[in-house]
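Read the structure below first, then the notes.
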Amino acid sequence: MQYHALSLAKENPTIQVSLVGYRGEQCIPAVKNNPRIQLCYVDPFASEALRKASFLIFAAAKVIALILQLIKLLLFELKTPPALILVQNPPSIPTLFIGWLVARLRGSMFVIDWHNFGFSILAHAPERTRRHPMVRIARYYEHLFGRMADKHLCVTNGMRKWLNDNFGVQAHVLHDRPPSFFGPTSLAGQHELFMRIRRQLRHWKVEEKYTAATGIVVGEGETLFTTLIGSAQKSTRVNNAGSRLKTDIVLRDINRPALLVSSTSWTEDEDFRVLLAALRDLDAKWAVNPSPSTGTRGSNASKPFVVVVVTGKGPLKAHYEALIRAHPLQRVAICTMWLEAEDYPKLIGSADLGVSLHTSTSGVDLPMKVLDMFGCQVPVCAMGFPSLSELVRDNVNGFVFQTATELAVCLDTLLGRFPMDTSKLDQLRAGVKGMERWEGHWRRHAASYLAIKEVTKSWCVFGAWFGLLLAFVFAAITVKLSSVRPSIIDPTTSCPGLHRGSYGLAPSSIIGRPSDLWRIPLFCVAATGTLFFSSGVTSLAATLWPTSSTSFLPLYFLRNNPCSALPPMSGTGEGTSGSRARVYANVNVQRPRDYWDYEGLTVTWGDQEDYEVVRKIGRGKYSEVFEGVNAANGTRCVVKILKPVKKKKIKREIKILQNLCGGTNIIELLDVVRDPQSKTPSLIFEYIHNTDFKVLYPTLSDMDIRYYMLELLKALEYCHSNGIMHRDVKPHNVMINHERRQLRLIDWGLAEFYHPGREYNVRVASRYFKGPELLVDFQEYDYSLDMWSLGCMLAGMVFRKEPFFHGHNNYDQLVKIAKVLGTDDLFAYLEKYDLELDPQFDGILGRHSKKPWQKFVTPENRALVSDEAIDFIGQLLRYDHQERLTAQEAMAHPYFAPVRASAGTGGAGGAAAATTSEATTSSNKSSGSSSAASSST
1 MQYHALSLAK ENPTIQVSLV GYRGEQCIPA VKNNPRIQLC YVDPFASEAL RKASFLIFAA
61 AKVIALILQL IKLLLFELKT PPALILVQNP PSIPTLFIGW LVARLRGSMF VIDWHNFGFS
121 ILAHAPERTR RHPMVRIARY YEHLFGRMAD KHLCVTNGMR KWLNDNFGVQ AHVLHDRPPS
181 FFGPTSLAGQ HELFMRIRRQ LRHWKVEEKY TAATGIVVGE GETLFTTLIG SAQKSTRVNN
241 AGSRLKTDIV LRDINRPALL VSSTSWTEDE DFRVLLAALR DLDAKWAVNP SPSTGTRGSN
301 ASKPFVVVVV TGKGPLKAHY EALIRAHPLQ RVAICTMWLE AEDYPKLIGS ADLGVSLHTS
361 TSGVDLPMKV LDMFGCQVPV CAMGFPSLSE LVRDNVNGFV FQTATELAVC LDTLLGRFPM
421 DTSKLDQLRA GVKGMERWEG HWRRHAASYL AIKEVTKSWC VFGAWFGLLL AFVFAAITVK
481 LSSVRPSIID PTTSCPGLHR GSYGLAPSSI IGRPSDLWRI PLFCVAATGT LFFSSGVTSL
541 AATLWPTSST SFLPLYFLRN NPCSALPPMS GTGEGTSGSR ARVYANVNVQ RPRDYWDYEG
601 LTVTWGDQED YEVVRKIGRG KYSEVFEGVN AANGTRCVVK ILKPVKKKKI KREIKILQNL
661 CGGTNIIELL DVVRDPQSKT PSLIFEYIHN TDFKVLYPTL SDMDIRYYML ELLKALEYCH
721 SNGIMHRDVK PHNVMINHER RQLRLIDWGL AEFYHPGREY NVRVASRYFK GPELLVDFQE
781 YDYSLDMWSL GCMLAGMVFR KEPFFHGHNN YDQLVKIAKV LGTDDLFAYL EKYDLELDPQ
841 FDGILGRHSK KPWQKFVTPE NRALVSDEAI DFIGQLLRYD HQERLTAQEA MAHPYFAPVR
901 ASAGTGGAGG AAAATTSEAT TSSNKSSGSS SAASSST
């Protein structure tokens with residue numbers, strides 16, 4: 001959060017940032033010394049007696065104390081309403097609630113920066129699991145207020161997927177990166193640091209153990225790691241101005257110990273016993289034992305001495321310090337210390353190797369300590385968990401381990417011949433170099449995302465204030481009616497030891513007699529219930545009358561001058577990473593809300609008894625498809641029975657089909673019905689006698705392919721002109737009745753309305769037809785995605801290679817594309833839109849030159865390949881979605897000239913076109929299923 005504050009304050013001189021945190025926590029010097037960053041403190045609630053008496057009561061008192069402090073600070077001490085409130089999660093309780101409440105009361109944007117989940121940390125305690133009532137309540141709370149935020153940031157792609165799947169939240173990934181002040185420490189800096197912390201090292205008898213293991217005594221002007229050339233007097237010689245004339249500090253050579261660093265919060269999610277066990281195994285292997293025959297040292301005398309420095313503070317520190325002292329080692333010395341903020345980067349920059357024991361309670365966050373180490377070009381041994389691969393690549397920039405034995409092997413591999421042979425360390429260090437720094441990464445990936453602001457109307461703010469007042473009035477009445485005198489009293493007059501102006505609350509100010517404790521939850525439930533009712537009314541009103549404006553948004557609290565909009569930050573504006581459709585960008589902007597607002601759709605359900613199922617013809621991820629008969633008139637139809645999915649997805653498909661009613665070559669939606677008992681919805685479509693594409697496509701002539709591609713383009717042009725992206729164009733979703741020369745585009749379950757500047761889910765389209773924008777997680781895609789998919793279809797048909805790009809997974813899919821289109825254009829595309837490849841591509845992508853399309857010509861497909869076909873495919877299959885042909889431009893391409901000429905002369909193509917035109921005129925709506933497409937013959 002401190003890095004956010006620095007980036008905001010540096011980028012725009014008009015921004016004032018207020019950073020809120022616990023008193024006693026130290027900020028980095030750059031934050032403390034920045035005049036545009038105001039540090040605001042709340043006092044931590046501490047009462048060991050109450051904690052021991054009842055953790056539940058202690059937790060409730062702590063939450064209430066924090067709520068009162070935050071409300072006082074945010075509503076009354078910050079005179080200027082913040083433009084945005086950004087809350088880092090965790091902690092979740094009560095910060096998410098307070099952030100949302102204050103944002104609504106003061107008309108601010110509410111943004112959550114997800115680093116982990118509070119409920120998963122709560123569940124990590126030995127006495128609790130994820131099914132524990134407290135954990136389930138915490139998860140519901142986090143889910144509820146998480147969905148109320150206006151925007152979301154998260155730190156990994158895995159977390160973005162989890163939030164979308166479990167909370168229904170669309171988050172923007174902003175990977176943590178080390179700031180610029182993390183880097184290798186100079187020799188002079190190392191010497192000065194080690195001299196300063198020498199007392200802490202001696203406290204752990206590190207030098208004494210080093211001397212016992214090596215026989216070398218560290219002089220007074222030296223350190224364990226650095227020594228001096230010549231005398232100490234020479235090394236400190238200064239000129240008349242007081243500056244050093246010459247630096248005579250060097251690293252020790254053959255006798256230098258290895259410096260291993262680890263940073264921990266000393267909590268249960270980092271099992272320090274793993275490191276202790278690994279070091280004991282390592283020490284046992286390296287131990288120097290006298291030879292039985294000669295009494296001299298054994299061969300292990302050449303093994304290095306390792307100094308392990310563990311920084312941080314936390315509840316389990318004393319416990320592990322006792323374990324360290326109880327198990328002394330011969331060639332390893334372990335010490336713990338707490339460093340000043342400015343010394344921590346210096347220590348990391350002096351280290352040879354880092355260790356991370358972070359296991360992640362959620363499995364989808366990343367350890368910040370590893371980023372600090374990478375910023376200092378220090379390789380890392382890290383304990384593995386699901387999302388770690390987004391940061392640490394095994395045997396590239398570090399080693400990944402799961403057990404103490406594996407960690408011991410890693411340490412022996414990297415440090416076994418230290419400092420004489422550091423080749424493996426150097427190899428890993430080379431993999432760390434070049435990591436992007438926080439400042440540039442934030443400017444490229446966060447600045448433009450935070451540049452859009454929705455301003456709450458003043459009457460909505462009034463409604464929120466009124467709701468808050470109503471909540472507490474109702475709560476007070478509820479407590480009063482309980483016929484028991486409330487225990488919530490004036491702390492400044494009734495509580496000894498609590499002075500006016502203090503942020504803290506004494507336990508007695510909240511809790512009266514033990515028999516009165518039930519009034520606390522009664523008050524909270526009454527207040528919260530009323531507040532939620534009022535906020536619901538306010539949210540409904542905001543939905544009915546939305547407004548928006550553009551300005552730059554801040555960190556935890558970003559304040560600007562009253563009655564003035566914040567100017568966009570330098571170099572951001574819409575941001576170079578933004579994108580906008582070249583055609584039909586404003587279709588939905590210009591149309592009334594009820595055209596695209598499918599969540600407000602009221603579905604009129606038909607009678608399920610009107611249709612009889614004949615046979616199953618296919619299935620998909622979200623549906624099962626049957627051939628059916630209309631019982632009233634005997635006509636055949638297709639019945640698509642939907643599996644349990646979110647209601648808004650069902651409404652979206654129905655709304656899109658209704659909007660595309662009568663569209664060219666778009667499947668006709670006849671009816672929507674629902675089972676009266678199970679409430680399972682079904683969509684009824686026109687029946688198309690389809691031939692499976694795997695059977696049909698190999699038989700098509702060059703003229704057939706041109707004709708059907710033109711018909712498919714007509715369908716895409718119609719839906720695009722109506723502001724709709726199909727997002728799943730593939731052979732399975734193109735029904736062809738070859739006998740009647742009839743084509744229908746089906747399966748609109750993934751289709752979506754296009755709004756410029758909006759970020760969409762990249763988990764759409766089938767793998768073989770996914771555009772590069774989806775594979776590199778570019779969320780501001782548009783209609784051009786459908787054009788890429790059409791290009792893949794055409795390439796497969798023309799070159800008789802189905803599918804044309806055959807990747808085994810999404811990562812391999814991009815590799816297959818790069819082997820054809822080359823990597824130079826891919827990197828240019830990434831640079832143009834400020835995109836960053838997933839680290840997993842580093843070891844598999846490689847470098848490839850662009851392959852000429854003629855390379856795919858074979859004797860089997862030569863009759864289908866023409867200069868126009870190659871040119872047409874080349875203009876569709878381009879990395880940059882802005883450079884692809886639009887549907888309208890594609891229809892005018894010379895590739896379709898023979899079809900147009902045939903239609904004009906009334907030849908076979910013209911007859912076919914006429915037949916299709918008549919069939920199209922009789923059609924009305926749209927939809928279908930990928931499974932139906934493949935088997936509805």
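Final position of the sequence shown in full-length UniProt numbering is 937; the numbers increase by one with none missing.
Here a beta-carbon is modelled for each residue, glycine too, at the ideal position from N, C-alpha and C.
No experiment lies behind these values; they were computed from the predicted model shown.
Membership of A818 in the alpha helix (DSSP H) is indicated by the continuous run N810 to L821.
The DSSP-derived three-state label of V17 is strand. According to the DSSP assignment, T226 belongs to the beta strand (DSSP E) that extends over T226 to L228.
Counting only runs of 3 or more residues that sit fully inside the stretch 586–635, the beta strand (DSSP E) segments are 611–619 and 623–630, in chain order. In this structure T223 touches M195 by the C-beta definition: roughly 6 angstroms separates them, less than 8 angstroms.
Between the beta-carbon of Y687 and that of C637 there is about 5 angstroms, and that keeps the pair under the 8 angstroms contact cut. Taken atom to atom, the span from the alpha-carbon of T602 to that of L750 is near 20 angstroms.
DSSP places C661 outside any beta strand (DSSP E), giving it a letter other than H or E. In the three-state scheme derived from DSSP, where H, G and I count as helix and E and B as strand, H358 is classed as strand.
Each residue's CA atom was taken as its position, placing Q742 and A903 some 15 angstroms apart. Rounded to the nearest angstrom, the gap between the Cα atoms of K317 and T311 is 10 angstroms.
For E321, the enclosing alpha helix (DSSP H) stretches over residues K317 to A326. For the pair L713 and A890, the CB atoms are nearer than the 9 angstroms cut-off. The stretch 842–849 makes contact with the stretch 813–820, as at least three CB pairs between them are under 8 angstroms.
Straight-line measurement puts the Cα of K770 at about 24 angstroms from the Cα of E868. Here F55 is exposed, its C-beta having fewer than 16 other C-beta atoms within 10 Å. In terms of Cβ geometry, Y449 and K151 form a close pair [threshold 9 angstroms]. For N157, the enclosing alpha helix (DSSP H) covers residues N157 to W162.
Put simply, of I736, H726 and D597 the residue whose alpha carbon is nearest the alpha carbon of A765 is H726. Note on T264: 16 or more other CB atoms within 10 angstroms of its CB, so buried under the neighbour-count rule.
Sequence-distant partners of D352 (beyond 5 residues in either direction) whose C-beta falls short of 6 angstroms from its own C-beta, in its chain, are A258 and L259. Of all C-beta pairs linking the stretch 339–356 to the stretch 378–386, three or more are shorter than 8 angstroms, placing the two stretches in contact. DSSP places K648 in the helix class (H, G or I) of the three-state scheme. Partner residues in the beta bridge of Y41, as assigned by DSSP, are G21.
Only buried fits H441, as 16 or more other CB atoms lie within 10 angstroms of its CB.
Contact fails between the stretch 699–718 and the stretch 578–598, because fewer than three Cβ pairs, one in each stretch, are under 8 angstroms apart. In this structure, the beta-carbon distance from E759 to H172 falls below 9 angstroms. Per DSSP, E686 is one residue of the beta strand (DSSP E) stretching across P681 to E686. DSSP places C381 in the strand class (E or B) of the three-state scheme.
V798 and V625 have their C-alpha atoms spaced approximately 30 angstroms apart. Put simply, the backbone Cα of V899 is about 16 angstroms away from that of L794. Here DSSP, grouped into helix, strand and coil, assigns M109 to strand. M383 is positioned such that its CB atom lies no closer than 9 angstroms to that of L414. Beta-bridge analysis with DSSP links A333 to V307. When DSSP assignments are scanned along the stretch 158–199, the uninterrupted stretches of alpha helix (DSSP H) that are 4 or more residues long and fall wholly within it turn out to be 187–196. By alpha-carbon distance to E653, the top candidate from A333, Y595 and R615 is Y595.
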